[in-house]
Amino acid sequence: MAASEHIVGRGIGNKLILFTVILVAVFWMLPIAWTLLLSFKPNSELMISTASAFQPPYTLKNYTDIFQSSGVFRWLWNSAVVSVGVTAGILILSSLAGYGFARAEFKGRDVIFILVLLGLAVPEQAVIIARHQIFSDLKMHNTYPAIILPGLSSAFGVFLMTQYFKAIPKDIDEAAMLDNASRFKIFWKVLLPLTIPAQATLGIFSFLGAWNDYLWPLISATKPEMFTITVGMASTQTNFAQSEGLGFLMAQAIFAGLPVFIVYLFFQKYIVRAVAGAAIN
Amino acid sequence: MTDVTLSSARPVAAKRPGGASIGPRWTNALFVAPYMVFYVLLLVYPLFKGIWMSLLQSDMFDDTSKFSGLANYYRLFNDKVFIGTVWNTVLFVVMTVPVFVVIGLLLALALNRSDRTAAALRAIFFGTSVLSVTIVTIIWKMMYMPGNGAIASVMRYFGLDPIAFTTTASLALPAIAITTIWWIIGLPMMLFLAALQQIPGELYEAAALDNASRARSFWSITLPSIRRTMLVVVIYEIVAQFQLFGQAQLLTQGGPNNASRPIVQFIYEQGFRSWNLGYAAAASEILFVIMAVAALAQFFASRKRVEE
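Going down the list, the protein sequences come from chains E and L.
Read left to right, the first sequence gives residues 0 to 280 (numbering that gives the first Met the number 0).
Read left to right, the second sequence gives residues 0 to 307 (numbering that gives the first Met the number 0).
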């Protein structure tokens, strides 16, 4: 891809660069490898020293303990509900609004669109105290809607979908209009299927964002049974210094990281394309 | 479908009853209405409510609050802990943003190839970004721990005294910065990669014909071509790193002695630990203003440079 590849006499330089980057990449993976290794060590040994990590015995007990005792499964379930809820909500709202802003004219539309774009500049921290107050007044904290709903106000998806709908040639929906189809039918049957790549991008971003969100669920979900996995993993870290259960904690970290990592491996192509697309726009 | 000639048929279509009309219609607003409900109730309203709350003095005992003007802001500017958090956050931004730009760009330059090795390496550097902050901090606690941590073990192996990174005042913030860079270097790398791939290959071929050195083609072709992306990365990272919270809260608890406490942690603790909601709201407005000013300053500075 890079034209420099074709240039003669730069082969050695390129190899040296590649070698350096591979070395850096190995260092990059060390923390995860270390965590993985410790997760297979018995807790009793780690209490004395982690230096034994490279010698047997290894055990799966830390992982089987997760299945038996901890709240990890409840937290994973909560995270799944919240992330699916946020993703579905964002996809529905952003698709409708994106079509509206790109295609369906009404009075004042362009002014409203600019106001929505301004919303992109508002960081979560600027509204979080008031949001907490709103959900307190409604007595809704420690419920799924309270964790899900604030994420649906993000303007990013609307912006992305509006751009995407605008890029679809107008001929396509105008042809459908001649067939006397209603606006909604055109949106649903003709245009929406064309936006599937954008839906995938937005869906993955929303899912990962909701899964990894920390600040809002930390504030809203105060009961352990309503923790998401991200907040739950934070709660297990507090008495970290006493290395009792160190291996168990490492196993939890690995286990909790697995779902997103699998999502990442499966959708890597889309994620990369999504980031690239965001950069070019 | 696309073969239909539309221009002549358009006015007829607009008048046809039952079907969709092309001109403006109020029912078209129904498409954006569902989103706008959320936008207004959970973004616009809380934004103004937050500003209003920052002007109130809340009373813990009878759960009432009264208007107190700018008292909260005045108190913040005289609060050594708050000023300290502003300083820590700015310092953190200064520590991380240049690294994100330089390392992100270097990785992108090195991995801008279409072979499998480069793809695997890109996946490694980007892969850590999908982890949550809580997993990242567990992993890095295991690196930094003074007794049992990986870095301490290596230092001991070489006969050095282990350093307590997260509990030494001068090292706590750099430790958080290193963790953060490890965590999300992949994003700037990907953004730069996307920009590099937009540069036409002929430019480099022409430079090669002129016997331009690698460094020269970098300065006179690559860098000018990715200037816009550079600006995007800088502004994005400034805004993102000002929001530092989880890494600090979980790795160092803001300590030792407030040495690594960022603004958002201050807001969180004032708001949801001490329940000084008005005070926390005022701090969040200040954070908002600082972020906006930093991003705008960067924007105008670079625009000026481009125009020159």
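For each residue, glycine too, the CB sits at the ideal point set by N, CA and C.
Just by C-beta distance, which residues in the region 11-24 of chain E are closer than 9 Å to chain L?
Legend: CB atoms of the region 11-24 of chain E lying less than 9 Å from CB atoms of chain L belong to residues Gly12, Asn13, Ile16, Leu17, Thr19, Val20, Ile21, Val23 and Ala24.
Mind checking if Tyr263(E) is an interface residue toward chain L, Cβ cutoff 7 Å exclusive?
Closer than 7 Å: yes.
Would you kindly check if the distance between the Cβ of Gly185(L) and the Cβ of Phe125(L) is under 7 Å?
By the CB criterion at 7 Å, Phe125(L) and Gly185(L) fall inside the cutoff.
Would you list the residues sitting across from Thr58(E) in a DSSP beta bridge?
Answer by DSSP bridge pairing: none, since Thr58(E) is not bridged.
From Leu250(L), Leu202(L), Ile183(L) and Asn256(L), residue whose alpha carbon lies closest to that of Gly103(L):
Ranking Leu250(L), Leu202(L), Ile183(L) and Asn256(L) by Cα distance to Gly103(L) puts Ile183(L) first.
Proximal residues of chain L, C-beta to C-beta of Leu37(E) below 7 Å
Under the 7 Å cutoff, chain L gives Met141.
Going by beta carbon distance, what residues of the same chain come within less than 7 Å of Ile167(E), once the five residues before and after it are set aside?
Closer than 7 Å at the Cβ level, and outside the excluded window around Ile167(E), lie Leu190 and Leu193.
What do you reckon, are the CB atoms on Ile234(L) and Ala294(L) nearer than 7 Å?
Cβ atoms of Ile234(L) and Ala294(L): closer than 7 Å.
Could you work out which residue in Pro33(L), Leu75(L), Thr26(L) and Ala247(L) is closest to Thr136(L) when comparing CA atoms only?
Of Pro33(L), Leu75(L), Thr26(L) and Ala247(L), the residue nearest in Cα terms is Ala247(L).
Can you find a C-beta in chain L that's less than 7 Å from the C-beta of Gly70(E)?
False, the Cβ-Cβ gap to chain L never drops below 7 Å.
Is it buried or exposed, Gln251(E), if we count other Cβ atoms within 10 angstroms and call 16 or more buried?
The residue is buried, with at least 16 neighbouring Cβ atoms inside 10 Å.
Taking Cβ-Cβ distances shorter than 8 Å, what residues in chain E pair up with Ala25(L)?
At residue 25(L) the sequence reads Trp, which differs from the Ala that was named. For Trp25(L), the C-beta contacts it makes with chain E under 8 Å involve Phe105 and Lys106, in order along the chain.
DSSP state of Glu104(E), grouped into three classes?
Residue state, collapsed to three classes: coil.
Applying the 10 Å Cβ sphere with the 16-neighbour rule, what's the burial state of Ser242(E)?
Bear in mind that a pLDDT of 48 at Ser242(E), under 50, signals an unreliable position, so the number given afterwards is only what the model happens to contain. Classification for Ser242(E): buried.
So, is the C-beta of Gly200(E) closer than 7 Å to a C-beta in chain L?
At residue 200(E) the sequence reads Thr, which differs from the Gly that was named. It does not; no Cβ of chain L falls within 7 Å.
For Ser205(E), which option in Ile89(E), Gly256(E), Asp172(E) and Tyr163(E) has the closest C-alpha, if you only look at C-alpha atoms?
Ile89(E) is the residue among Ile89(E), Gly256(E), Asp172(E) and Tyr163(E) whose C-alpha sits nearest the C-alpha of Ser205(E).
Buried or exposed for Val126(E), going by 16 or more other Cβ atoms inside 10 Å?
By the neighbour-count rule (16 or more Cβ atoms within 10 Å), Val126(E) is buried.
Indicate whether at least one CB of chain L lies closer than 7 Å to the CB of Gln236(E).
With its beta carbon less than 7 Å from one in chain L, Gln236(E) belongs to the interface.
Test: Thr133(L) CB closer than 7 Å to a CB of chain E
Yes - at least one Cβ of chain E is within 7 Å of the one on Thr133(L).
In chain order, which continuous runs of the alpha helix (DSSP H) of length 4 or greater are located wholly inside the region 106-131 of chain E?
Segments of the alpha helix (DSSP H) lying fully in the region 106-131 of chain E: 108-118.
Quick one: what does DSSP say Tyr213(E) is sitting in, helix, strand or coil?
The answer is coil: DSSP assigns Tyr213(E) none of H, G, I, E or B.
Could you tell me the alpha carbon to alpha carbon distance between Asn77(L) and Leu106(L), rounded to whole angstroms?
Their backbone Cα atoms lie some 43 Å apart in a straight line.
Tell me which same chain residues have a C-beta within less than 6 Å of the C-beta of Thr178(L), skipping the five on either side of it?
The residues are Trp139 and Gln246.
DSSP state of Asp170(E) mapped onto helix, strand, coil
Under the three-state reduction of DSSP, Asp170(E) is assigned to helix.
Are the C-beta atoms of Pro218(E) and some chain L residue less than 7 Å apart?
Before going on, a small fix: residue 218(E) reads as Ile here, not Pro. Yes, Ile218(E) lies at the interface with chain L (some Cβ there is under 7 Å from its Cβ).
Using a Cβ-Cβ distance cut-off of 7 Å, determine whether Ile150(L) contacts chain E.
Chain E, which has no Cβ nearer than 7 Å to the Cβ of Ile150(L), makes this no.
Given 8 Å as the limit, is there contact between the region 158-176 of chain E and the region 43-50 of chain E, that is, 3 or more CB pairs closer than that?
No, the region 158-176 of chain E does not touch the region 43-50 of chain E.
Gln54(E) at chain L interface by Cβ criterion, 7 Å
For Gln54(E), the answer is no, since every Cβ of chain L falls outside 7 Å of its Cβ.
Using a Cβ-Cβ cut-off of 7 Å, state whether Leu190(E) counts as contacting chain L.
No - not a single Cβ of chain L is within 7 Å of the one on Leu190(E).
Tyr278(L) and Gln264(L) closer than 7 Å at C-beta:
No; because the gap between Cβ atoms is not below 7 Å, this pair is not in contact.
Kindly give me the distance between the Cβ atoms of Ala176(L) and Phe91(L), rounded to whole angstroms, as I take these residues to be in contact under 8 Å.
Contact between Ala176(L) and Phe91(L) holds, with the beta-carbon distance rounding to 6 Å and staying under 8 Å.
Which residues bound the alpha helix (DSSP H) around Val85(L)?
In the DSSP assignment, Val85(L) falls within the unbroken alpha helix (DSSP H) covering Lys79 to Leu110.
Measure the alpha-carbon distance for Asn61(E) versus Phe254(E) and round it to whole angstroms.
Roughly 10 Å separates the two Cα atoms.
Could you check where the alpha helix (DSSP H) with Leu234(E) kicks off and where it finishes?
Correcting the residue identity first, residue 234(E) is Ser in this sequence and not Leu. For Ser234(E), the enclosing alpha helix (DSSP H) has its first and last residue at Ile228 to Ser234.
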